[in-house]
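For the sequence shown, the positions run 50 to 162 when our numbering is used.
Using N, Cα and C, we set each Cβ at its ideal position, and we do this for glycine too.
Note that the coordinates shown come from a computational prediction; the quantities given were computed from them, not determined experimentally.
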Amino acid sequence: MPITNQQVAGHAFLRQMYDDSYFPDHVVDQGKAILLRLCERIEAEQPSNLESLYALTQAATGEFNLLDREFVAAGSGIETVAREWICDEFCFVASAYGFMDADAEELTSGRDW
50 MPITNQQVAG
60 HAFLRQMYDD
70 SYFPDHVVDQ
80 GKAILLRLCE
90 RIEAEQPSNL
100 ESLYALTQAA
110 TGEFNLLDRE
120 FVAAGSGIET
130 VAREWICDEF
140 CFVASAYGFM
150 DADAEELTSG
160 RDW
């Protein structure tokens, strides 16, 4: 399903991670795919409130929890700086879909990175 939100479609997800050689591109690609799937789900399910949005973002956070293992296996990991970058992307997504009052911590609650 193609992304219809033009702000999201033109966004370079996880650009900072791609720019940092510590993070292998093939694993960052998987993170980008998680974020794009989140956007697709938001467009398909059209959550009407923050609770519904948080359910979607928490599922994506669970995928990032699993992805951290891939980073570690590749000699990397989701550490402090990467955690901030990823959380910023979740905030961008929420804002792009009109959830300006989404809580940054709640968007990725359940994270273990």
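Apart from sequence neighbours up to five positions away, no residue of its chain approaches Ala122 with a beta-carbon distance below 8 Å.
Under the three-state reduction of DSSP, Ile52 is assigned to coil, being neither helix nor strand. By the neighbour-count criterion, in which a residue is buried when 16 or more other Cβ atoms sit within 10 angstroms of its Cβ, Val77 is buried. In this structure Ile52 touches Cys88 by the C-beta definition: roughly 5 Å separates them, less than 8 Å. Boundaries cannot be given for Asp69, as no alpha helix (DSSP H) includes it and DSSP labels it neither H nor E.
By the C-beta density criterion, Thr129 is exposed, having fewer than 16 other C-beta atoms within 10 angstroms. For Tyr103, the enclosing alpha helix (DSSP H) has its first and last residue at Leu99 to Ala122. If you draw a straight line from the Cα of Gly124 to the Cα of Ser158, it is about 25 Å long. If you check the CB distance, Arg160 and Phe113 come in under 8 Å.
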